[in-house]
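Here's the structure, in structure tokens; my notes come after.
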Amino acid sequence: MEPSDIHDILRNDRRRLAIKHLKEQPDGRVGVRDLSETIAALETGEDPPPSGKRQSVYVSLHQTHLPKLEAFGIFSYDSEEKEVCLQDRVREVEVYLEVVPRYGLSWGEFYFGLGLLGSLTTVAVLLGVPGVEALGVTVTATVFFVILMLSATYHVYTQQDRILFQRFRNE
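So, in structure tokens, the structure goes:
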């Protein structure tokens with residue numbers, strides 16, 4: 005998929021929210037009414053959202069966003085069942101979907117900060133800085149390594165396809 009196409013898909017909040025919501029579904033499918041209600045609730049901060057907002061979201065999904073996502077092979081839309089299903093091409097755009105809350109950290113920033121903090125703490129232990137020298141290099145490095153691995157496991161489990169974990173469960 006061309007970068008301009010990916011940008012075109014992800015530049016709209018409703019399309020991003022639709023992709024994110026379908027990725028959260030165990031089977032990767034959802035009814036259009038449920039999808040429009042979820043997006044309207046996220047946009048308004050009200051649950052249930054006002055019916056006018058829900059209807060506005062439903063119409064824009066039906067007329068604009070779902071056809072575009074279907075044209076790019078991100079979703080398939082069953083107009084008779086009024087159901088949307090994720091397709092394989094979603095993988096091409098999902099790497100750009102990392103949602104960072106306002107005043108929050110991206111995962112990249114989190115890992116960078118954790119690595120920097122671990123490195124600086126280890127150097128401080130090596131230099132004998134009072135207060136941290138008692139920890140020892142092995143303990144310090146091990147603690148930060150364990151935190152890094154737990155964070156990475158959490159990140160993969162919550163943000164990426166759960167197929168990896170399903171493979172382990174099925175074996």
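Following the working numbering, the numbering of the sequence shown begins with 5 at its first residue and continues without gaps.
Cβ coordinates follow ideal geometry from the N, Cα and C atoms, glycine included.
Between Val127 and Tyr115, the alpha-carbon positions lie close to 18 Å from each other.
Between the alpha carbons of Glu6 and Leu139 lies a gap of roughly 51 Å. According to the DSSP assignment, Val34 belongs to the beta strand (DSSP E) that extends over Arg33 to Gly35. With fewer than 16 other Cβ atoms inside 10 Å of its own Cβ, Ile151 counts as exposed.
Remark: C-beta atoms of Leu14 and Leu26 do not approach each other more closely than 9 Å.
Contact between the segment 80-99 and the segment 45-60 is absent, with fewer than three C-beta pairs closer than 8 Å.
Closest in alpha carbon position to Ile10, among Gly135, Thr142, Tyr100 and Gly119, is Tyr100.
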